[in-house]
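Numbering (this note's numbering), first residue to last: 170 to 905. The structure under discussion appears below in the form of structure tokens.
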Ligand code: ADP
Ligand code: ZN
Ligand code: ZN
């Protein structure tokens, strides 16, 4: 297709991706369309109504017929030309995502675009974000003997940092900023160097070496695995790379696993680069804010984009660097809808754009570790902590030889007591919310099962409810056993609420703070908790995996781990890897300040290699053991997997459909050396009133898997099943 051709009058057709669960595109008539409209939103008639989609192609009518005869094609309603079109490389990214994860393109695009940008009738505002500096009267105010105020504190910080973005000051203290502006203490100033750094510490020798290894590769594709123990200062290395990237006129994309981690990092990044435009993107943002951040990135005005997995889809015209922090984290993989892995897409994106990518972790995924061992990625290691001299001492505590009091060993209790006396913080890690995992009747054996799932209802005493953690079903707590009437029904096992209670009885003088998803339901609650911990307003924290990630608590010196064994022998082949990562991460919270740290893990299997490697901080050894097992069992990274999952009111329906799908696969699989296993009911059979089954596909490589899936999924869309049946493909599933 040439532009000259399109400039002529005559019939034109556009090909549109619509947000529908159908693996196809739709053609419309748009005689005024030109190649400049590629990547634009468009409103089109659809059925009896209208839909908004994205223009992904302009078929050349000379060589290609539209999907309907020209005179039957419906004309578009309007092409949105006020907003900038999405660029070609972005279209390639969503197209790759759709093909690799076997998902309709229109739905991928609908997920990747903020809702407001998806509507062809609204343009996101492009609010200015001026750089502010201290005015002459602000200077004077700082010199005078005034009563301390928040506005004064704000401009003092401004004086220290130098020119700072309006948005950053507003995020820091909105009221103080308004006050300072009213008094004329701040004024807009001309742009200063966005790469200017404030308050950066001198790098350690190790950090400098890491930086030196990566810097020469700016400007070309190269994946790095930055394997650095917890507290080794990986973030500092990222920030220097970001500075260099901005100084060269590039944009940096930093991915973090969780919304919960964004405020801390955002503060750190914005504080370090006062003149840079930092935007953060995550699903917790209001639509307007998210659209605005997106447009700022797309127009090249943002220097740094910081966000959760979704931000991999941000258009970045000047992209110069990608960082994936905590690259091992399972939340980079989306578990519903488009089941993509943001880490894997980030690698693709870096190659597409010819930029380096840094995957950072203290406990890399075995996939990335293997890639580094075999030379596909370059490994850069940080083996020492940046500030604290040593890593925490890690000890498995053999609970077979100890009398437990409410699940707590004497060792652990003594360690807690010692911390209380020294006024240091402790964390007890128990990855189970609620009071007790199940309510049961000792006389007849009744247990609180969820009526909709193959799961027990968890006892939440604080909220006086029974709750299913899988489907959310919730009910009151029965006074007596529903089956036999026995009034002495009890909670069995231990969750965080019960642990909180037990510790409160044992250490009545201690301030105990529970940190789980029930206690930190909103971002605000979570920030309040972090602040409380930071100020030292808690002595003992009782936390779930929320506490395992990325946080820095200088007074925390002891971590006790309960109930770790339950993941040792789980059926999922990734469970031990997860457990190791989680324990290493949670242990890494201890002793990050000046004080030395200690970690105790209560276990029935103190000799298990997992605990032994943990005690020696030997990630490499553990990775080698695990990789050997995976090689023997032909699990990833030595094979590529996909799951075909189906669910229906009854499992028999799902199994029958999967068997038919398996028949379709037979000839295709033989041709491409792919193995298709028999369908099986899922371990957790029922979820939210539906019964589930799955079928595993195993290939020797990702390309072989892709080739097979492309052919197979085209047929699956036409495979009939009962109306209530739903199915999806999960490529590179997180669990099998
Ligand atoms: P990681 O992400 O590797 O766990 P961080 O980047 O959070 O580690 O760094 C751990 C702590 O060490 C932070 O408090 C950080 O401010 C501090 N730190 C990192 N590098 C340096 C340095 N070169 N000099 C002084 N402090 C540092
Ligand atoms: Zn009973
Ligand atoms: Zn349920």
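Note that the Cβ used here is the ideal one computed from N, Cα and C, for glycine as well.
{"Query": "Can you look up residue 612 in the DSSP assignment and give me helix, strand or coil?", "Result": "coil"}
{"Query": "Span of the beta strand (DSSP E) holding residue 769?", "Result": "767–772"}
{"Query": "With a threshold of 6 Å on Cβ separation, who are the neighbours of residue 171 within its own chain once the five nearest residues in sequence on each side are excluded?", "Result": "Any reading at residue 171 needs caution, since the residue's pLDDT is 40, under 50, leaving its predicted position unreliable; the model's value is listed next. Here the set comprises nothing."}
{"Query": "With distances taken Cα to Cα, identify the nearest neighbour of residue 702 among 713, 714 and 681.", "Result": "681"}
{"Query": "So what does residue 222 bridge to, in DSSP terms?", "Result": "211"}
{"Query": "State the Cα-Cα distance for the pair residue 300 and residue 448, rounded to the nearest angstrom.", "Result": "14 Å"}
{"Query": "Inspect the beta-carbon positions of residue 878 and residue 849 and report whether they are closer than 8 Å.", "Result": "no"}
{"Query": "Three Cβ pairs or more, each shorter than 8 Å: is that satisfied between the region 394–405 and the region 469–481?", "Result": "no"}
{"Query": "Can you say whether residue 649 is buried or exposed, counting buried as having 16 or more other CB atoms within 10 angstroms of its CB?", "Result": "exposed"}
{"Query": "Taking just the CA atoms, how far does residue 739 sit from residue 865?", "Result": "18 Å"}
{"Query": "Alpha carbon to alpha carbon, what distance is there between residue 634 and residue 904?", "Result": "30 Å"}
{"Query": "When the Cα atoms are used, what is the spatial distance from residue 537 to residue 791?", "Result": "14 Å"}
{"Query": "For ligand 3, which residues count as neighbours when the test is a C-beta closer than 6 Å to any heavy atom?", "Result": "619, 621, 622, 624, 637, 639, 640 and 642"}
{"Query": "When we look at the beta-carbon of residue 801 and count the other beta-carbons within 10 Å, is it buried (16 or more) or exposed?", "Result": "exposed"}
{"Query": "How close, in whole Å, do the beta carbons of residue 736 and residue 658 come, if the pair is a contact with beta carbons under 8 Å?", "Result": "That pair is no contact at about 28 Å."}
{"Query": "Using the three-state DSSP reduction, which class does residue 589 fall into: helix, strand or coil?", "Result": "helix"}
{"Query": "Which first and last residues belong to the beta strand (DSSP E) in which residue 814 is found?", "Result": "809–817"}
{"Query": "When a residue counts only if its C-beta is closer than 6 Å to some heavy atom of ligand 2, which residues count, in chain order?", "Result": "610, 612, 613, 615, 650, 652, 653 and 655"}
{"Query": "With a threshold of 7 Å (Cβ to nearest heavy atom), would residue 840 be considered close to ligand 1?", "Result": "no"}
{"Query": "Can you list, in chain order, the residues of its chain whose CB lies under 6 Å from that of residue 593, leaving out five sequence neighbours each side?", "Result": "724 and 726"}
{"Query": "Should the region 816–825 be regarded as contacting the region 872–886, the criterion being three or more beta carbon pairs within less than 8 Å?", "Result": "no"}
{"Query": "Give a yes or no on whether the C-beta atoms belonging to residue 249 and residue 210 are separated by under 8 Å.", "Result": "yes"}
{"Query": "Taking 8 Å as the threshold, find out whether the region 414–422 comes into contact with the region 569–582 through three or more Cβ pairs.", "Result": "no"}
{"Query": "Thinking residue 532 and residue 749 are a contact (beta carbons under 8 Å), I'd like their distance in whole angstroms, please.", "Result": "7 Å"}
{"Query": "Between residue 357 and the rest of its own chain, which residues show a CB-CB distance below 7 Å, the 5 nearest in sequence each way excluded?", "Result": "299, 300 and 301"}
{"Query": "By DSSP, does residue 217 sit in helix, in strand, or in coil?", "Result": "coil"}
{"Query": "Classify residue 392 as helix, strand or coil using the three-state DSSP reduction.", "Result": "strand"}
{"Query": "Keeping to the same chain, check which residues put their C-beta closer than 6 Å to that of residue 266; ignore five residues upstream and five downstream.", "Result": "277 and 509"}
{"Query": "Whole angstroms is fine: what's the gap from residue 787's alpha carbon to residue 778's?", "Result": "10 Å"}
{"Query": "Considering only residues of the same chain and omitting the five flanking positions on each side of residue 754, which have a CB-CB separation below 6 Å?", "Result": "717"}
{"Query": "The beta strand (DSSP E) with residue 635 in it runs from where to where?", "Result": "634–636"}
{"Query": "Write down the C-beta distance between residue 783 and residue 752 rounded to the nearest angstrom, noting that I regard them as a contact closer than 8 Å.", "Result": "6 Å"}
{"Query": "With distances taken from CA atoms, which of 271, 208, 282 and 196 is nearest residue 241?", "Result": "196"}
{"Query": "Ends of the beta strand (DSSP E) at residue 564?", "Result": "562–567"}
{"Query": "Below 8 Å, can you find three or more Cβ-Cβ pairs linking the region 514–534 to the region 433–453?", "Result": "no"}
{"Query": "Assuming residue 594 is part of the beta strand (DSSP E), what are its boundary residues?", "Result": "594–598"}
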